[in-house]
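Input: a single structure, listed below in structure tokens.
Okay, here's the thing in structure tokens:
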């Protein structure tokens, strides 16, 4: 009995269970209101302190925050945008890469849900209907440009979409 228990404990230590199936993996966020290099440096430090951030850099010249995230992060775009606002700046559009479960509400309405509960309304402006190639509840990796809408929440204008390797 002790041996079985010990084997179970060792297996959990060697093969940890992670929920890496759905989350934001990259963000390129346009930021307005940065006028000096200490401002940009302060924002960069704040973002780097957030749990799940792998790397972050802020370009004062481009007015852009670029960040990548760990596989097990639970951050939401809303939390990232709030951190920017709390630093005294105005987050505008963002280009993100996000992994999540695809939910088809009908043949023209598609929602991507992350493990942190955030939902993205997917928009395929190219009308190439790539979303139709994926099954309901399938995990996909999507790149797109965000638009915040009061009616539907976060719209994600598709740039690229693939079946997720995880």
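Numbering (the numbering used here), first residue to last: 3 to 168.
Backbone N, C-alpha and C fix where the C-beta goes; we use that ideal spot for every residue, glycine too.
Just so it is clear, the structure is predicted and the values come from calculations on it, not from any experiment.
Endpoints, the beta strand (DSSP E) within which residue i is located
| i | result |
| --- | --- |
| residue 108 | Here residue 108 belongs to no beta strand (DSSP E), and DSSP marks it neither H nor E. |
| residue 34 | 25 to 34 |
Identity of the residues DSSP links to residue i by a beta bridge
| i | result |
| --- | --- |
| residue 121 | 115 |
| residue 142 | 102 and 165 |
| residue 92 | 34 |
| residue 160 | 146 |
| residue 155 | 151 |
CB-CB length for residue i against residue j, believed under 8 Å
| i | j | result |
| --- | --- | --- |
| residue 28 | residue 94 | About 17 Å separates the two Cβ atoms, so there is no contact after all. |
| residue 31 | residue 117 | With a Cβ gap of about 21 Å, residue 31 and residue 117 do not count as contacting. |
| residue 77 | residue 124 | So it is not a contact: roughly 20 Å between Cβ atoms. |
| residue 104 | residue 138 | 7 Å |
| residue 165 | residue 142 | 6 Å |
| residue 62 | residue 39 | 6 Å |
| residue 69 | residue 58 | 4 Å |
| residue 122 | residue 163 | Residue 122 to residue 163, Cβ: 12 Å. No contact. |
| residue 91 | residue 52 | With 8 Å as the limit, residue 91 and residue 52 do not qualify as a contact, their Cβ atoms being about 15 Å apart. |
Residue i burial status per 10 Å Cβ neighbour count (16 or more: buried)
| i | result |
| --- | --- |
| residue 119 | exposed |
| residue 102 | buried |
| residue 107 | exposed |
| residue 75 | buried |
| residue 148 | buried |
| residue 146 | buried |
| residue 89 | buried |
| residue 134 | exposed |
| residue 56 | exposed |
Near the ligand PLP: residue i beta-carbon under 7 Å from a heavy atom
| i | result |
| --- | --- |
| residue 51 | Here there are no bound small molecules, and the ligand PLP is not part of this structure. |
Considering only residues of the stretch 45 to 84, which uninterrupted beta strand (DSSP E) runs meet the minimum length of 3 residues and lie entirely inside it, listed in chain order?
55 to 61 and 66 to 71
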